[in-house]
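Novice: One structure, pasted below without further comment.
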């Protein structure tokens, strides 16, 4: 049985389900990707039903138990294969239909809408709490690999103007990883940016930090993402666009907001520290337009 057939069975047998089973079925039908990545207990909690409801639902569609139901969704996710390539083809076809000017407007509008979603009051409250955690941290680690690398790099780059306790884990060499292994403690905080498809190395490093008692601040696309499940604070960003790639603009904005709030919450003379850093960079001849 494939995922489409299973979902169709749930729809066909919906009227035969109990009230709790209908709630569980609705959640599965509306959130199929989450079934593939969360445990039965987590899925039941998200759907607000007892775990046993998920087992009964599996049997309603002729499966022996929940593990068999989950396996159908896992197989479906794997069979999607190289999702970016399919989206690339759709992007080219869309551009042919509407033209370049309209395509530019569409992509910009999508990203603007993602930023509006980012500003939901609950998300803003999470960002403020995260900044307060950062201000109290002994050491701040920044982690983001592949496309998410820029998010961690931007935070570390800007924070370095006024703070000496921010460290980028770049994944390219061993220095950043070794620092995590030998120096991380319960007094530290880590900003971890991780979006689907989730980089395995990011998850491995974040899991180690979590085991060491480091508080994780996740910038991610789902509260049930691998990093989101480890986090003390989870800042949700939307990143899907009509292009073949996922945008990092909302996540980058979160990084810049956090460093802005950190500078305001730190209780230090930020103006003097930034001024001193600028003078030293000018002395090193870092900028073309400053002689």
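Residue numbers (our numbering): -4 to 286.
Don't be surprised by glycine CBs; every beta carbon is placed ideally from N, CA and C.
Bear in mind that the values here come from a model prediction, so they are computed numbers and not experimental data.
Applying the 10 Å Cβ sphere with the 16-neighbour rule, what's the burial state of residue 97?
Specialist: Indexing the chain shown from 1 puts residue 97 at position 102. With fewer than 16 other Cβ atoms within 10 Å, it is exposed.
Novice: Apply the 10 Å Cβ neighbour rule to residue 55 and answer buried if 16 or more other Cβ atoms are within range, or exposed otherwise.
Specialist: Here residue 55 corresponds to residue number 60 of the chain shown, with the count starting at 1. Classification of residue 55: buried, given that the 10 Å Cβ count is 16 or more.
Novice: Which of the three DSSP states is assigned to residue 79 in this structure?
Specialist: Taking the chain shown and counting its residues from 1, one reaches residue 79 at position 84. Bear in mind that a pLDDT of 49 at residue 79, under 50, signals an unreliable position, so the number given afterwards is only what the model happens to contain. Helix at residue 79.
Novice: Below 6 angstroms CB to CB, which residues in the same chain sit around residue 181 once its five sequence neighbours on both sides are set aside?
Specialist: Taking the chain shown and counting its residues from 1, one reaches residue 181 at position 186. Only 208 meet the Cβ criterion.
Novice: Does the segment 210 to 217 come close enough to the segment 183 to 193 to have 3 or more Cβ pairs within less than 8 angstroms?
Specialist: yes
Novice: Return helix, strand or coil for residue 236, following the three-state DSSP convention.
Specialist: Looking up residue 236 in the chain shown gives position 241. Three-state DSSP puts residue 236 in coil, outside helix and strand.
Novice: Short check: CB of residue 243 to CB of residue 118, under 9 angstroms?
Specialist: Along the chain shown, one-based indexing puts residue 243 at 248. Along the chain shown, one-based indexing puts residue 118 at 123. No.
Novice: Could you tell me the alpha carbon to alpha carbon distance between residue 277 and residue 227, rounded to whole angstroms?
Specialist: Taking the chain shown and counting its residues from 1, the one referred to as residue 277 is at position 282. Taking the chain shown and counting its residues from 1, the one referred to as residue 227 is at position 232. Using only the alpha carbons, I get a separation of about 39 angstroms.
Novice: Does the distance from the CB of residue 19 to the CB of residue 58 come in under 9 angstroms?
Specialist: On the chain shown, position 24 is the one that residue 19 refers to. On the chain shown, position 63 is the one that residue 58 refers to. No, the pair does not count as a contact, with Cβ atoms beyond the cut-off.
Novice: Would the segment 120 to 127 and the segment 249 to 259 be scored as touching if the rule is three or more Cβ pairs under 8 angstroms?
Specialist: yes
Novice: In the segment 242 to 279, which residue ranges form an unbroken alpha helix (DSSP H) of at least 4 residues, counting only runs that do not cross its ends?
Specialist: 244 to 260, 265 to 278
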